[in-house]
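For reference, the structure is listed below as structure tokens.
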Amino acid sequence: MFWYERYLMICPPAQFTLFQMMAGADVGGAELFFERLAIAFHQAGVSQQICIKPHAARIARLSEAGLMVHSSSYSPLTAPLQRLRYKQLIKQAGADILLTWMNRATQLAPQGNFVHVARLGGYYNLKYYSGCDHLVANTQGIADYLIREGVPAHKVHHQVNFVPDGAEVTPVPRPAEAKDKIVLAALGRLHPNKGFDTLLAALGQCRDVHLLLAGTGPEQDRLIQLAEQLGVGNHVSFLGWQDSPQAVIRAADIFICPSRHEPFGNVIAEAFACHRPVIATASQGAVEYINTSQTQTG
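Remember, our numbering sits 654 above the position in the sequence shown when you count from 1.
Here is the structure:
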């Protein structure tokens with residue numbers, strides 16, 4: 655049972671109103687989970703409004719799902735004016751609970767007559783969270799970090815992210831180059847933390863495999879060049895950003911997570927939900943819910 659389900663049992667949806675603030679990027683794992691949770695709250699009957707950056711595709715998806723969506727630049731340059739606007743929006747919504755995501759939204763959150771809950775998906779600088787009433791960590795490691803840093807234990811809550819069952823998701827088509835090969839999948843922001851350079855180097859030592867690498871980011875051009883330099887360019891398909899991670903994972907035989915730093919790893923949970931075997935580095939999040947060398951069926 656997830657923390658929001660427990661809360662709904664104690665306090666029925668008709669008895670509280672939620673306002674969410676998210677200043678995330680246009681794409682990303684945390685952003686996808688934010689959308690998933692907001693829609694789940696709505697489907698559970700929670701009265702809520704949300705305020706996000708003006709990313710047209712996200713606004714369209716959430717609006718089509720029936721949510722009331724506001725947009726904001728979340729620029730720190732106009733923080734006082736923005737806090738005033740957020741306070742007005744929260745008051746107009748009649749919100750009892752403010753849920754903020756990550757540093758920027760939490761930093762710009764106003765004070766008011768509501769319970770302020772912040773959701774953390776990483777080992778963030780806690781200077782942004784001093785005004786929060788409760789903190790929700792998506793790994794036990796992050797929860798332990800919060801307590802070590804002085805947050806009272808009764809204000810810290812551990813709740814993992816959830817993903818939908820991906821067993822019936824239609825996979826993306828396999829490229830012709832992958833025919834008769836073992837297909838690997840890896841997803842994430844193309845950033846040094848994700849360790850995709852190590853994965854490409856390892857690919858050169860494998861035979862009869864093809865990698866589907868989905869994501870965008872600052873390392874994209876370098877990774878494409880590196881694949882050519884390593885002689886594995888024909889064994890990698892760079893798919894760009896994919897709105898459905900599970901569609902990519904379902905197209906593969908094995909999922910790989912080579913991250914150097916991964917506080918949680920939504921993509922690992924997505925792979926589990928797609929019933930695919932997972933190979934991962936021993937990053938902070940992965941070690942919490944992967945039992946090394948253990949096979950589970952069913």
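We put the beta carbon where it would ideally sit given N, CA and C, even for glycine.
If you're wondering where the values come from, they're calculated on a predicted model, not measured in any experiment.
Through-space distance from residue j to residue i, alpha-carbon basis
i: residue 719; j: residue 811; result: 28 Å
i: residue 734; j: residue 743; result: 14 Å
i: residue 821; j: residue 904; result: 8 Å
i: residue 637; j: residue 871; result: The structure shown does not extend to residue 637, since the chain is modelled only from 655 through 952, so no value can be given for it.
i: residue 759; j: residue 885; result: 43 Å
i: residue 780; j: residue 834; result: 50 Å
i: residue 800; j: residue 765; result: 22 Å
i: residue 748; j: residue 701; result: 10 Å
i: residue 944; j: residue 888; result: 31 Å
i: residue 727; j: residue 900; result: 30 Å
i: residue 756; j: residue 791; result: 11 Å
i: residue 785; j: residue 882; result: 49 Å
Three-state class that DSSP yields for residue i in the structure shown
i: residue 915; result: coil
i: residue 770; result: strand
i: residue 844; result: coil
i: residue 889; result: helix
i: residue 674; result: strand
i: residue 934; result: strand
i: residue 724; result: strand
i: residue 713; result: helix
i: residue 944; result: coil
Same chain, Cβ closer than 7 Å to residue i, five either side skipped, listed in chain order
i: residue 852; result: 912
Cβ neighbours of residue i in the same chain (closer than 6 Å, five flanking residues each side left out)
i: residue 925; result: 903, 909 and 932
i: residue 795; result: 938
i: residue 829; result: 891
Close beta carbons around residue i, own chain, < 8 Å, minus the five adjacent residues each side
i: residue 689; result: 712, 715 and 716
i: residue 941; result: none
i: residue 787; result: 769, 770, 771 and 809
i: residue 894; result: 868, 869 and 870
Opposing strand residues paired with residue i [DSSP bridges]
i: residue 705; result: 675 and 724
(message) What ranges does the alpha helix (DSSP H) occupy inside the segment 727-754, keeping only unbroken runs of at least 4 residues that lie completely in it?
(response) Those alpha helix (DSSP H) runs which fall completely within the segment 727-754 and span 4+ residues are 733-747.
(request) Run through the segment 764-845 for me and flag every whole alpha helix (DSSP H) of 4 or more residues, listed as ranges in chain order. (result) 794-802
(request) Could I get the ranges of all uninterrupted alpha helix (DSSP H) runs contained in the segment 850-907, with 4 residues as the minimum, in chain order? (result) 850-857, 874-883 and 899-904
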